[in-house]
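Chains as they are written, first to last, in my numbering: chain A, 1 to 283; chain B, 1001 to 1293. Every residue, glycine too, gets a C-beta built ideally from N, C-alpha and C.
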Amino acid sequence: MYPRPIQEDARGRRFAYMAIVWGILIIWLAPMFAIMLTSVRTASDIAAGNFWGVPTSIGLIANYTDVFTQTPMAGFYLNSILMTVPSVIMVLILSTLAGFVLSRYRFRGNMLVFAIFIGGNFLPAQIMMIPVRNLMVALGVYDSIFALIIFHTAFQTGFATLFMRNFIAALPSELFEAARAEGASPTQVLRHVVLPLVRPALAALAILIFTFVWNDYFWAVVLTVSDTAKPVTAGLAQLRGQYYSAWNILSAATIVVAIPPVALFYFMQRHFVAGLTMGAVKG
Amino acid sequence: MTDFWRRNRSWLWPVIFILPAAVLFGVVIVWSSVQTLWISLHSWDGMGPMKWVGLGNYVELFQDPQFYVSLTNNVIWLVLFMLAPPIGLGIALLVNQKIAGMRFAKSLFFTPLVLASVAVGVVFTWVYTPQFGLLSLVYGAFGAAAPAVLSDPNAVTFAVVGAALWPQIAFCMILYLAGLNSLSEDLIGAGRVDGARGWRMLVHVILPQLKEVTFIAIAITAIGALRSFDLVSVMTQGGPFGSSSVLAYDMYRESIFSYRFGYGAAIAAVLFIIMLFFIVWYISRLIKAEREA
């Protein structure tokens, strides 16, 4: 271990060490605490400039209710869910199939296909923006969540295929040799060997892709314009323009947008961290 | 037909498996990117016919003062973003202890990474608000008035990068924590026998073992810095007067707001060529490592 572990019987040192860690953590998360505090203040406190003092009354329920009833956030939320869940499912299916082939079949150009999947993942979004937008217009899905589903499925498949390929390549090859020796067809190998073993990878991948897609902002503003199609990220940016002085509502809306990925992360942290370090290619 | 299928299914199945992913990725991502290079050689409003202008868009771009402002800002992003790997390593070293409560503390340190960038943008816009933001509280503690960093052309890019560093540091910290957990105990033990401690241990024994992680952290951080768009768009929209814009935002503005798709495509192409350097560096090392394994 490095740094050298603090000995278990050094109670005082351990306590002091944790005190320092929590102190740094409070500074680290101070912006988050500030926004949480603001999200429970009443409009009159905000108007009076009482941002840091004791709240005269608590506006917690009123603010969060207002976000869903006074702003179009409820609709944005639904759009985000309807966009993210199908994208994640499609990506998992496509990348498992492609990852299986790239890891277990030798063919000319294998490495090239693999490199394209990785490389495409790092391209700046702007380099594909205009043609993607035109494609969605031509398909008649521009300004709908279908445009976002198609794009996110395509884009995330690059990262996910790399991820699944590496995972399947690390599985013991005896399993695949045994299956082949018994004359199993590719579909049988996929169903009876690959699928049972890749479940942990799929869990990690699902969380990562959910987070990437839910948090996307660029494509949300490029591919949607109307409130009926906008996901939460584009919606929050829009609210920032409309409610620029109602910081209590804006703060509550920010928290509401942040909650799904954060909650998912806390419940499945092990999978998330394993996935991120295993993939280790995503910015 | 069935006979053909039976004889060839051992290779036909793999082709069928990989086809949906390859076609979707090839058409939507790769082909679109190539098309942009073609569009950049035209004058086009996005609807009417495209008019060939050759390198005209690029000539105009290289004479545009805004291009140099944005390019400089991209360089500022790139340089300041290099703070993320060392700070991330610092926090990783801090929390790499097995003490009750540390697991929870670690996950709190990770939190900025899973926040939507728009949320980070709104949070930091609030932090930087001159009259009552968190920054004004800090300045107030020293009896000074907080500057309006987001409306000061000389400070604005630094303020936006400050916000962007928050999740980036968390990302580097996760990478380094994984690296610290796979260190060779033998080498550390040998180092301790040789009397290496603290800083010298870090420099001579630990960092050489973290070379691969450091490479990944730097490459991804560099690519992230050049891709920056979200926070600029949310916090400043490139303002005041374009002083905080970056190439990615210029491209978006020229295309979506000014309908100059050919010119926008040229900006995207230039950004792409700058990033290509880092992308090729990264992938060639990945593939080299893959071949050796």
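As a quick exercise: from the options, pick the residue whose alpha carbon is nearest that of residue i.
{"i": "F218/A", "options": "G1133/B, Y1252/B, D1186/B and L1115/B", "result": "Y1252/B"}
{"i": "S1033/B", "options": "F176/A, L135/A and L264/A", "result": "L135/A"}
{"i": "L148/A", "options": "A204/A, L29/A, V222/A and W247/A", "result": "V222/A"}
{"i": "T1129/B", "options": "T1214/B, K1211/B, A1116/B and V1149/B", "result": "V1149/B"}
{"i": "V198/A", "options": "I168/A, Q188/A and P3/A", "result": "I168/A"}
{"i": "A253/A", "options": "T233/A, R270/A, M111/A and V262/A", "result": "T233/A"}
{"i": "F100/A", "options": "V1156/B, V1161/B and V1015/B", "result": "V1015/B"}
{"i": "L25/A", "options": "G1048/B, F1110/B and I1273/B", "result": "F1110/B"}
{"i": "P1208/B", "options": "R1227/B, G1179/B and T1236/B", "result": "G1179/B"}
{"i": "D216/A", "options": "V1213/B, E1254/B and L1115/B", "result": "L1115/B"}
{"i": "G1088/B", "options": "V1122/B, I1174/B, E1290/B and G1191/B", "result": "I1174/B"}
{"i": "P200/A", "options": "V256/A, V273/A, I249/A and T187/A", "result": "V273/A"}
{"i": "W214/A", "options": "Y243/A, P260/A and S44/A", "result": "P260/A"}
{"i": "V132/A", "options": "I150/A, H271/A, T187/A and L250/A", "result": "I150/A"}
Starting from the beta carbon of residue i, find every residue of chain B whose beta carbon is closer than 9 Å, and list them in chain order.
{"i": "Y217/A", "result": "A1116, S1117, V1118, G1121, F1229, D1230, S1233 and V1234"}
{"i": "V262/A", "result": "T1111, V1114 and L1115"}
{"i": "T65/A", "result": "Simply none; closest approach about 20 Å."}
{"i": "V198/A", "result": "Residues of chain B passing the Cβ test: none, with the nearest at roughly 14 Å."}
Give me the DSSP bridge partner(s) of residue i.
{"i": "K1098/B", "result": "K1098/B is not bridged to any residue."}
{"i": "S1043/B", "result": "K1051/B"}
{"i": "R41/A", "result": "I58/A"}
Starting from residue i, find everything on chain B with Cβ-Cβ shorter than 7 Å and list it in chain order.
{"i": "Y266/A", "result": "S1107"}
{"i": "Y243/A", "result": "Residues of chain B passing the Cβ test: none, with the nearest at roughly 10 Å."}
{"i": "A30/A", "result": "L1134"}
{"i": "A204/A", "result": "What A204/A touches in chain B: nothing, since even the nearest Cβ is about 13 Å away."}
{"i": "A237/A", "result": "V1118 and V1234"}
{"i": "V273/A", "result": "I1174"}
{"i": "A258/A", "result": "L1115, A1116 and A1119"}
{"i": "Y77/A", "result": "Ordered by position in chain B, no residue passes the 7 Å Cβ test against Y77/A, which lies about 13 Å from the chain."}
Check the Cβ of residue i against every Cβ in chain A and list those closer than 9 Å, keeping chain order.
{"i": "G1101/B", "result": "M18, V21 and W22"}
{"i": "W1126/B", "result": "P31, A34, I35, T38, W247, L250, S251 and T254"}
Given that residue i touches chain A, what residues does it touch there, using C-beta distances under 8 Å?
{"i": "A1265/B", "result": "I130"}
{"i": "A1022/B", "result": "A98 and V113"}
{"i": "F1017/B", "result": "L97, A98, F100, V101, P186 and L190"}
State the start and end residues of the unbroken alpha helix (DSSP H) segment that holds residue i.
{"i": "S982/B", "result": "Outside the shown range of chain B (1001 to 1293) lies residue 982/B, about which nothing can therefore be said."}
{"i": "D66/A", "result": "L60 to T69"}
{"i": "M83/A", "result": "M73 to R104"}
{"i": "Y1282/B", "result": "F1261 to E1292"}
{"i": "E174/A", "result": "S173 to A181"}
{"i": "I1018/B", "result": "T1002 to L1024"}
{"i": "H152/A", "result": "I145 to A169"}
{"i": "Q7/A", "result": "Premise fails: Q7/A is in no alpha helix (DSSP H) and is neither H nor E."}
{"i": "G1198/B", "result": "G1198 to M1201"}
{"i": "G1056/B", "result": "G1056 to Q1063"}
{"i": "V1030/B", "result": "Neither: V1030/B is in no alpha helix (DSSP H) and is coded neither H nor E."}
{"i": "I130/A", "result": "Q126 to A138"}
{"i": "P261/A", "result": "W247 to F267"}
{"i": "K230/A", "result": "No alpha helix (DSSP H) contains K230/A, which DSSP labels as neither H nor E."}
{"i": "G1189/B", "result": "E1185 to V1193"}
{"i": "E1212/B", "result": "K1211 to R1227"}
{"i": "V1127/B", "result": "S1117 to Y1128"}
{"i": "G1239/B", "result": "Unbroken run through G1239/B: none, as it is neither H nor E."}
{"i": "F107/A", "result": "Unbroken run through F107/A: none, as it is neither H nor E."}
{"i": "N215/A", "result": "R199 to N215"}
{"i": "V287/A", "result": "Only positions 1 to 283 of chain A appear in this structure, which leaves residue 287/A out of reach."}
{"i": "P1167/B", "result": "V1156 to L1180"}
{"i": "F218/A", "result": "F218 to L223"}
{"i": "V141/A", "result": "No alpha helix (DSSP H) holds V141/A; DSSP gives it neither H nor E."}
Would you mind telling me which residues of chain A sit closer than 7 Å to residue i, beta carbon to beta carbon, in chain order?
{"i": "I1279/B", "result": "G119 and F122"}
{"i": "Q1035/B", "result": "P131"}
{"i": "P1065/B", "result": "Result: empty, since nearest Cβ-Cβ is about 20 Å, beyond 7 Å."}
Give the interface partners of residue i over in chain B, defined as CB-CB distance under 8 Å, in chain order.
{"i": "R11/A", "result": "Within chain B, no residue comes near R11/A; the closest Cβ sits about 11 Å away, beyond 8 Å."}
Next on the checklist: Output needed in chain order: residues of the stretch 170–185 of chain A with a Cβ under 8 Å from some Cβ in chain B.
Outcome noted: S185
Checklist entry - Along the stretch 1081–1094 of chain B, what residues have a CB closer than 7 Å to any CB found in chain A? => result L1093 and L1094
Checklist entry - Using a beta-carbon distance cut-off of less than 7 Å, what residues from the stretch 1235–1249 of chain B approach chain A? => result A1248
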